[in-house]
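Worksheet: one structure, shown below.
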Amino acid sequence: VLEDGRLVDGAGNPWFFGDVGIKDGKIVRVGRVNQRRLETIDAGGRVVSPGFIDGYCHSDLMVLDDPGSEIKLQQGVTTEVVGNCGMTPAPFAPQNLDLLRTYVEPVLGNTGQEWRWETVEQYFDALTEAGPSENVATYVGHGTLRIAVMGFENRPASGEELDRMKGLLEEAFQAGAIGLFLGLMYAPGSYTPREELAELCSVLSRYGGLLATHIRGEGNSLIPSIEEVIWIAERSGVPLQISHLKAAGGGNWGSVTRAMELIERARSRGLDVTCDVYPYTAGSTSLTTLLPPWALEGGVSQTLERLGDPASRGRIKAELRQEQDEWDNLVASTGWDSVYISSLSKESDANLAGKNILEASESRGIDPEDCTMDLLLEQDGKVS
């Protein structure tokens, strides 16, 4: 018996003092428990609650390597929701596995596991074999679907390709996936027109799946990006979750109010749309995300070729130095002194971790654009 705890049962009620009775590892009674001849633990007025749900994380691979998940358990988390930002380790096509790994590993990290899963069902099998100490639910990453079927092609899907993506998505729902997650800021998700996304979402409506999204832009294009995903959800008749809602860049601060008005207006029309916010004023992603979308076509290897080509390099530099109408130039809205290097794949530049790009470029005596491209070349594109 856990006695004298402030019980928060998750039902929305205020906390109350009480006991929790546990038998054979399961909770069997909540309230007042007769403690005669029973082992007791005095909670001392501390809060006793069900495990927390981490509704947004990137532990897809980590939970396979560290199934004990002590990091999360020590925070009270007993359920993790993975598959966010359009990046999942499944499903994949073997011929495009290298492309998928270069797409997800800057965010999901590396794994010592052999990638034995091609489908979401096989990924669940690998999870079960690992024996995680917590519950795991997953979305299907839209970027992962696109890579499986058409790699990093910068074009709309053909009818046959869209049908193959819908088939993979349907298989994932049958295996137990909870929804589809769009990562529209990232290539190859950024290459997808909204009509194609709405058609893909028709699968969700048949399975009661949730559409979650990292919207196309969080800077100058915040409002049209919100309008786009609301249109997709309304067109396909599915519930929508807009993740980590924010306005990037000082010039855009305050536009979240307008974004919330759009969400409220959609809710007033009967659309189930919600959003979440994290409590810190920074984002975290791969350094390649700052590059123009065209520079990311074909995957990391082709991106690195462009960074080494003087003509392409000059074009990238010119585009990074001015606002763009077709894509969200976060450098123009936030400045190089707000772009911090958090990790690198090789030890050669480890001293740069924690510095911003402006500081790194000054230490090298070059401009920030060249510094960024040089770093990506030196680190095989793996810079966070």
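Numbering (the working numbering), first residue to last: 22 to 405.
The beta-carbon is built from N, C-alpha and C at its ideal position, and this holds for glycine as well.
Out of curiosity, what's the CA-to-CA distance linking proline 88 and lysine 403? Residue numbering aside, residue 88 sits at position 67 when the sequence shown is read from its first letter. Residue numbering aside, residue 403 sits at position 382 when the sequence shown is read from its first letter. Near 25 Å, if we compare the C-alpha coordinates of lysine 403 and proline 88.
Assigned secondary structure, tyrosine 361 (DSSP; H/G/I helix, E/B strand, else coil): Looking up residue 361 in the sequence shown gives position 340. Of the three classes helix, strand and coil, the one that applies to tyrosine 361 here is strand, per DSSP.
Rounded C-alpha distance that separates aspartate 184 from alanine 268: Within the sequence shown, the letter at position 163 stands for residue 184. Within the sequence shown, the letter at position 247 stands for residue 268. Taking the straight line joining both Cα atoms gives about 35 Å.
Less than 7 Å between C-beta atoms, sequence neighbours within five positions excluded: which residues of the same chain meet that for arginine 50? Position 29 of the sequence shown, counting from 1, holds the residue named residue 50. Excluding sequence neighbours, arginine 50 sits near Gly42.
Curious, which full-length beta strand (DSSP E) runs of at least 3 residues does the region 147-194 contain? 156-159
Could you give the residue range of the beta strand (DSSP E) that holds threonine 278? For this step, residue 278 is matched to residue 257 along the sequence shown. Counting along the chain, threonine 278 falls outside any beta strand (DSSP E), though it belongs to the alpha helix (DSSP H) covering 276-289.
With DSSP collapsed to three states, give me the class of valine 103. On the sequence shown, position 82 is the one that residue 103 refers to. Strand.
For the beta strand (DSSP E) holding cysteine 392, just list the boundary residues, first then last. Here the question's residue 392 lines up with position 371 in the sequence shown. That residue, cysteine 392, is in no beta strand (DSSP E); its alpha helix (DSSP H) goes 389-399.
Can you give the beta carbon distance from proline 127 to arginine 167, rounded, assuming they're within the 8 Å contact cut? Taking the first residue of the sequence shown as position 1, residue 127 is located at position 106. Taking the first residue of the sequence shown as position 1, residue 167 is located at position 146. With a Cβ gap of about 17 Å, proline 127 and arginine 167 do not count as contacting.
Taking the continuous alpha helix (DSSP H) assigned at glutamine 262, which residues delimit it? Counted from its first residue, the sequence shown places residue 262 at position 241. Here glutamine 262 belongs to no alpha helix (DSSP H); instead the beta strand (DSSP E) covers 261-263.
I'd like the ranges of any alpha helix (DSSP H) spanning at least 4 consecutive residues and lying wholly in the region 113-148. 118-129
Return yes when the Cβ of leucine 351 is within less than 7 Å of the Cβ of glutamine 17, no when it is not. Nothing can be reported for residue 17, as the shown portion of the chain is limited to 22 through 405.
With proline 112 and leucine 189 assumed to form a contact (beta carbons below 8 Å), what rounded beta-carbon distance in angstroms separates them? Position 91 of the sequence shown holds residue 112. Position 168 of the sequence shown holds residue 189. So it is a contact: roughly 5 Å between Cβ atoms.
If we count the other Cβ atoms within 10 Å of its Cβ and call it buried at 16 or more, is tyrosine 301 buried or exposed? For the purposes of this step, residue 301 is taken as residue 280 along the sequence shown, with counting starting at 1. Classification for tyrosine 301: exposed.
Given aspartate 40 as reference, the closest of Val68, Gly31, Gly33 once Cα atoms are compared: For the purposes of this step, residue 40 is identified with residue 19 of the sequence shown, where counting begins at 1. Of the candidates Val68, Gly31, Gly33, the one whose C-alpha sits nearest the C-alpha of aspartate 40 is Val68.
For the region 95-114 and the region 67-87, state whether three or more C-beta atom pairs, one from each stretch, are separated by less than 8 Å. yes
Hey, could you find the ends of the alpha helix (DSSP H) leucine 243 is sitting in? In the sequence shown, counting from the first residue as 1, residue 243 sits at position 222. Here the alpha helix (DSSP H) through leucine 243 covers 243-257.
Going by CA-CA distance only, name the one from Gly356, Ser405, Glu142 that's closest to alanine 158. For the purposes of this step, residue 158 is identified with residue 137 of the sequence shown, where counting begins at 1. Cα-wise, what sits closest to alanine 158 is Glu142.
When the distance is taken between beta carbons, is valine 259 closer than 7 Å to leucine 203? For the purposes of this step, residue 203 is taken as residue 182 along the sequence shown, with counting starting at 1. For the purposes of this step, residue 259 is taken as residue 238 along the sequence shown, with counting starting at 1. No.
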